[in-house]
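In this note's numbering, each residue carries its 1-based index in the sequence shown increased by 6. Worksheet for the structure shown next.
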Amino acid sequence: MSTLDMPARNGFSLLKRAALALALLTPATAWAAESTAVTSPRVVATLLSSRDAVAPGERFHLALAHKITAGWHTYWRNPGDSGEPTKIDWQLPEGATAGPIQWPAPKAIAFEPLVNFGFDGTVLLPVEISVPAEAKPGERFAITAKATWLVCEKICIPEEGVLSLDLPIAAEPVIDSAAQARIARTLAGLPQEAPFRAKLTANGPDKMTLAIPELPAGISELRYFPLSDTLIEHAAAQQVEGGTLTLARSSAFRIAEPSVEGVITYSQGGTKRALSLSADVAPDLLAQASAPPAPPPVVTLPTLPAPPAEDLTIWVALAFAFAGGLILNLMPCVLPVLFIKALGFAQAAQASRSEVRVHGLLFLAGVVGTFMVLAGLAIALGAGWGFQLQSPPLVILLAVLMSLIGFNLLGAFEIGGKVQGLGDGLASRGGPVGAFMTGALAVVVATPCTAPFMGAAMGYALTQPPAAALSIFLALALGFALPVVALSFAPGLQRLLPKPGPWMVVLKQGFAFPMFATAIWLVWVATMQTGANGALAALIAILVAGFAVWLLGVTRRRGAALRVVAAGLAALFVTTTAAFVIESAVPPKQAPASAGASDVWSPERVAELQAQGKPVFVNFTAAWCITCLANERVALSRQDVKDAFAALGVTYLKADWTNRNAAIAAALAEHGRAGVPLYLVYPGSKGAQAEVLPQLLTVDIIVRAAERAAGREVQTARNP
7 MSTLDMPARN
17 GFSLLKRAAL
27 ALALLTPATA
37 WAAESTAVTS
47 PRVVATLLSS
57 RDAVAPGERF
67 HLALAHKITA
77 GWHTYWRNPG
87 DSGEPTKIDW
97 QLPEGATAGP
107 IQWPAPKAIA
117 FEPLVNFGFD
127 GTVLLPVEIS
137 VPAEAKPGER
147 FAITAKATWL
157 VCEKICIPEE
167 GVLSLDLPIA
177 AEPVIDSAAQ
187 ARIARTLAGL
197 PQEAPFRAKL
207 TANGPDKMTL
217 AIPELPAGIS
227 ELRYFPLSDT
237 LIEHAAAQQV
247 EGGTLTLARS
257 SAFRIAEPSV
267 EGVITYSQGG
277 TKRALSLSAD
287 VAPDLLAQAS
297 APPAPPPVVT
307 LPTLPAPPAE
317 DLTIWVALAF
327 AFAGGLILNL
337 MPCVLPVLFI
347 KALGFAQAAQ
357 ASRSEVRVHG
367 LLFLAGVVGT
377 FMVLAGLAIA
387 LGAGWGFQLQ
397 SPPLVILLAV
407 LMSLIGFNLL
417 GAFEIGGKVQ
427 GLGDGLASRG
437 GPVGAFMTGA
447 LAVVVATPCT
457 APFMGAAMGY
467 ALTQPPAAAL
477 SIFLALALGF
487 ALPVVALSFA
497 PGLQRLLPKP
507 GPWMVVLKQG
517 FAFPMFATAI
527 WLVWVATMQT
537 GANGALAALI
547 AILVAGFAVW
557 LLGVTRRRGA
567 ALRVVAAGLA
577 ALFVTTTAAF
587 VIESAVPPKQ
597 APASAGASDV
607 WSPERVAELQ
617 AQGKPVFVNF
627 TAAWCITCLA
637 NERVALSRQD
647 VKDAFAALGV
657 TYLKADWTNR
667 NAAIAAALAE
677 HGRAGVPLYL
687 VYPGSKGAQA
697 EVLPQLLTVD
707 IIVRAAERAA
717 GREVQTARNP
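Structure, rendered in structure tokens:
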């Protein structure tokens, strides 16, 4: 090779390296302006940046972009008759700041009999970001936005996403032309400040007139969107005459300042336009707004089916607890376990009735012992019934147990006496350990349920000295164990059981599927408590537990050394998985927004609504409470109830106790309850006391209570 070739080869090598560097940098530059998408079947959310690189001291725009599925919508800053506006919680480098959301003009979205203000299709919500002047070129500008939004069609689903961008800091900004163009179009379409002021005046007892001067001629589709949700009836027609709008006053009409802000939209020559409008409030209208609303008529509440805890005596509480324990046997979470025990009696009774009686007493011991442990913990911790299901790791442990029992009932594994006492023994003979563990398991799976009479008794128990409280829990345990104990001691009842046969194997296998259903439900509860991490931790725990049991089973009849190795591996897998579950299954610091069109409960929110003259329905619930879920399916979610609430102006609040919440626990105790469900209906009068509804709801119970709270009757499809 000649020396003349060396510069050419070196130059070619440098060119190749530059091309490679450019190829590596090009995707990063292209992708830097948009975050990874957060996707649901309803919304695709991304964070869009007008910059590929930012410069010290500059201001630039980001935008939360929502691509909304057809038929669904999200909400404006004033959501109208229902809904919640989108919120963004920013995490920015030190010294950086984020401005407020710059809201585009909304649409009026009708959902009879309501009208919401929001967005459909694709919407960008721009936010101005300032970069600190001290930022140094060569460093990174990391942005994280935790966004929450409510997306609705016929149902409403709260969603959230964490969106991140990591932009380089350069001496000069690098503009992403495509993203900049999209954000610029949105900014250009934002409501522009009107060059004039409007005037809001009274027009009779329930209407107002908004006079808008200097509107262009030939406009159509004029509509006013106030920022305040207590100014107008959002669903009422807005009558237009010239430059004047006639508006219906809100039933919660309130104005705090001598001027009000809002947005008007109109069409001019086929083009949609929007103005940000300030309106001066006439003095007489301002005076009317500050006057206190007339109190609604006094409502006489009916006698409740169960007295509050403070009205109980120890003897009534004991009777309630015993009756509640009996009824608890009929709950869907308990029946499969009791049927499994009955199967064991059917087989054992043919060999020895004395053995059946022993098993019945051991079942009683398991029930009483477990109830006493839970009672002691509840009293010591000041917690309520079902408190243990507020622990995601314990919920996951129960899901693993239910899964293993299900696989054992199907005959997937059989690993000897001790483990078999927890599995096969639950289904048939199982020995004394199996009988005791069946009682304990029945109590554990019963804790998500609350039977009639039981809530008042438990609430009373937790307000009494320990000895009285434990006696009430003992009455609950005796009522719960009575059917199985009676079956074990009554020869006449035992003769009603069918003789053993091949049918028992089939039925035993069939009982595996309620166990799997319970495991699926528990995984869902863990997901509600901790999000996707809870589901992942639960599924991994079930996988590892199944593998460990299988490993022990296949080495059971092998050499001692192999059994020791298998046991060590199983212990290692289980221990590691347990640590992963405990680390992953952590409830979020902020509870997710409640589902549906309900608002989030707080004592302040109830007081605020009552002061506005609005009746309030409060649903104290939890994802792990089967009784709560059943009531929501058969009553609370029915269209008759929704129609009645809308017609009567009842606000629906949800108090979600899925994770621990001291305020909810205090409210439960105030109303004599130790756990959920609890349903309260407040009249629309300041300070009026709530009516406590039964723990098992029907549509008629809810509608009648809402009518009493509102002081009038309503027609529904069920009650025309």
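We put the CB at the ideal spot given by N, CA and C, even for glycine. No experiment lies behind these values; they were computed from the predicted model shown.
Buried or exposed: residue i, going by 16 or more other Cβ atoms within 10 Å of its Cβ?
i	result
T45	exposed
F326	buried
K160	exposed
L383	exposed
T128	exposed
P398	buried
G678	buried
E638	buried
F519	exposed
G167	buried
K142	exposed
F202	exposed
R564	exposed
Q701	buried
What would DSSP say about residue i, mapped onto helix, strand or coil?
i	result
H677	coil
L307	Confidence at L307 is low in this model, with a pLDDT of 34, below 50, so its placement is unreliable and the value that follows should be read with caution. Three-state result, L307: coil.
I107	coil
W530	helix
F123	strand
N209	coil
V768	Any question about residue 768 goes unanswered here, given that the chain covers just 7 to 726.
H365	helix
K648	helix
P289	helix
A661	strand
S608	coil
S183	helix
G412	helix
W78	coil
L476	helix
I225	strand
I546	helix
T6	Because the chain is modelled from 7 through 726, residue 6 falls outside the range shown and cannot be assessed.
S56	coil
N539	helix
T92	coil
G144	coil
Check each candidate in the options and name the one with the smallest Cα separation from residue i.
i	options	result
L283	A242, E199 and G224	E199
L193	L156, I107 and H240	I107
L416	I478, E361 and V512	V512
D706	N665, L368, T664 and K648	K648
G366	L404, V531, V490 and S643	V490
P119	V580, L173, E166 and A243	A243
L131	G412, T92 and L635	T92
T207	I270, P138 and P289	P289
S234	A474, Q695, L659 and S256	S256
T657	V640, L674, F522 and L686	L686
F651	A716, V606 and E145	A716
A139	W155, E166 and T103	T103
T633	D172, L404, P683 and R65	P683
Looking only at its chain, what residues have a beta carbon closer than 7 Å to the beta carbon of residue i, apart from the 5 residues adjacent to it on each side?
i	result
S124	This sequence places Gly at residue 124; Ser is not what is there. Excluding positions up to five away in sequence, the list reads H79, T80, Y81, W82, P85, G89, P112, K113 and I115.
L292	I261 and P264
G105	V133 and E134
A694	Q616 and Y688
T52	E40, S41, A43, A71 and L169
Is any heavy atom in the ligand SAH found nearer than 8 Å to the beta carbon of residue i?
i	result
P289	The ligand SAH is not part of the structure shown, which contains no ligands of any sort.
For residue i, which residues from the same chain have a beta carbon less than 6 Å from its beta carbon, with the 5 sequence-adjacent residues on both sides left out?
i	result
G485	F328, G331 and L332
Q618	A258
A300	Note on A300: pLDDT 43, under 50, position unreliable in the model; no value is reported.
D126	I74 and H79
I548	V406 and S409
Am I right that residue i and residue j are in contact with their C-beta atoms under 8 Å? What's the rounded C-beta distance?
i	j	result
T246	L228	The question names Thr, yet the displayed sequence has Val at residue 246. Yes, V246 and L228 are in contact; Cβ-Cβ is about 5 Å, under 8 Å.
D212	A184	50 Å between Cβ atoms; not a contact.
F413	L368	F413 to L368, Cβ: 25 Å. No contact.
Return the chain-ordered list of same chain residues with a C-beta closer than 8 Å to the C-beta of residue i, the five sequence neighbours on each side being excluded.
i	result
E713	A650, L654, E719 and V720
A532	P398, V401, I402, A405, G540, A541, A543, A544 and A591
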